[in-house]
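Chains as they are written, first to last, in our numbering: chain A, 189 to 302; chain B, 11 to 124.
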């Protein structure tokens, strides 16, 4: 079974500062995908960034980057130059590379303070 | 906007009733996945439909059933509603089934069971 753990229920950051959200997961699979999704008050899940487990290089997407530590089963999200629009729930998610379902964590509520 | 639309946006039912939720997938997408997001939790996979056939199911009882139509829109039906069925129901569509596909989520249907 796959489990995803987000140990920070709430976080806050000053506008323009950097924040890191933590995620750990448990799996016996060797090939899989990891994701960070953002859920604003509109409730729509929006893909922030995706990492393929077989790639050693950490994924980056503009102000968003990850620190993927496969051996430690850790997948943190760093948001640089935080903006007010980054305020949202952030979910870490796992998917087996032969699968079709996400396993989500319980989320981290991020507030960007002006 | 992702092009995935869900209806209704909000719904109130009483225990024991039946409910049908609808999802219109993004144009060209043949795969629809349904997730249940309880308050304070991450989304949980209910099932996926690929080209009108069920293509994987999560740990939900048989009273959760679905349908996908030839135009690839989808319905989620829940019979004998229970109080614990109160949740946000999210639909996501993708071009095809599989972990390599990008999912596009709708804004969900908020179901309250009284």
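Backbone N, C-alpha and C define an ideal beta-carbon position, used for all residues, glycine too.
Checklist entry - What are the boundary residues of the beta strand (DSSP E) that includes residue 39 of chain B? => result Here residue 39 of chain B belongs to no beta strand (DSSP E), and DSSP marks it neither H nor E.
Item to check | residue 66 of chain B, DSSP secondary structure in three states | outcome: strand
Next on the checklist: Given this structure, state the Cα-to-Cα distance separating residue 28 of chain B from residue 301 of chain A, to the nearest angstrom.
Outcome noted: 43 Å
Next on the checklist: With three or more beta-carbon pairs closer than 8 Å as the criterion, would you say the stretch 280-295 of chain A touches the stretch 22-36 of chain B?
Outcome noted: no
Next on the checklist: Between which residues of its own chain and residue 258 of chain A is the CB-CB distance below 7 Å, once the five residues before and five after are set aside?
Outcome noted: 241
Checklist entry - What residues in the stretch 101-122 of chain B bring their beta carbon closer than 7 Å to a beta carbon of chain A? => result 107, 108, 109, 112, 115, 116, 117 and 118
Next on the checklist: Below 7 Å on C-beta distance, what does residue 233 of chain A contact in chain B?
Outcome noted: 100 and 115
Next on the checklist: Assuming residue 76 of chain B and residue 86 of chain B are in contact, meaning their beta carbons sit under 8 Å apart, how far apart are those beta carbons, in whole angstroms?
Outcome noted: 5 Å
Checklist entry - Taking the beta strand (DSSP E) that residue 14 of chain B falls in, what are its first and last residues? => result It is not in any beta strand (DSSP E) - residue 14 of chain B carries neither H nor E in the DSSP assignment.
Item to check | Exposed unless 16 or more other CB atoms sit within 10 angstroms - verdict on residue 48 of chain B | outcome: exposed
Checklist entry - Per DSSP, residue 292 of chain A forms a beta bridge with which residues? => result A:281
Item to check | Nearest residue (CA-CA) to residue 244 of chain A, options A:231, A:261 and A:299 | outcome: A:261
Next on the checklist: Which same chain residues end up closer than 7 Å to residue 70 of chain B when comparing Cβ atoms and leaving out the 5 residues on each side of it in sequence?
Outcome noted: 56
Item to check | residue 114 of chain B beta carbon less than 8 Å from that of residue 104 of chain B | outcome: yes
Item to check | Interface partners of residue 55 of chain B on chain A, CB under 7 Å | outcome: 289 and 290
Item to check | beta strand (DSSP E) segments (min. 3 residues) lying fully within the stretch 200-282 of chain A | outcome: 207-209, 212-214, 220-227, 234-240, 252-257 and 262-267
Checklist entry - For the putative contact between residue 319 of chain A and residue 296 of chain A, defined by C-beta atoms under 8 Å, what is the C-beta separation to the nearest angstrom? => result The question about residue 319 of chain A has no answer, for chain A in this structure spans 189 to 302.
Checklist entry - So what does residue 141 of chain B bridge to, in DSSP terms? => result Not covered by the structure: residue 141 of chain B. The range shown for chain B is 11 to 124.
Checklist entry - Helix or strand or just coil, what does DSSP make of residue 298 of chain A? => result strand
Checklist entry - When DSSP labels each residue in this structure, what does residue 49 of chain B get in the three-state scheme? => result coil
Item to check | Contact residues within the stretch 64-78 of chain B, judged by C-beta distance below 8 Å to chain A | outcome: 65, 66 and 68
Next on the checklist: Going by beta-carbon coordinates alone, are residue 265 of chain A and residue 252 of chain A separated by less than 8 Å?
Outcome noted: yes
Item to check | residue 58 of chain B at chain A interface by Cβ criterion, 8 Å | outcome: yes
Item to check | Identity of the residue in A:202, A:222 and A:197 nearest residue 209 of chain A by Cα | outcome: A:197
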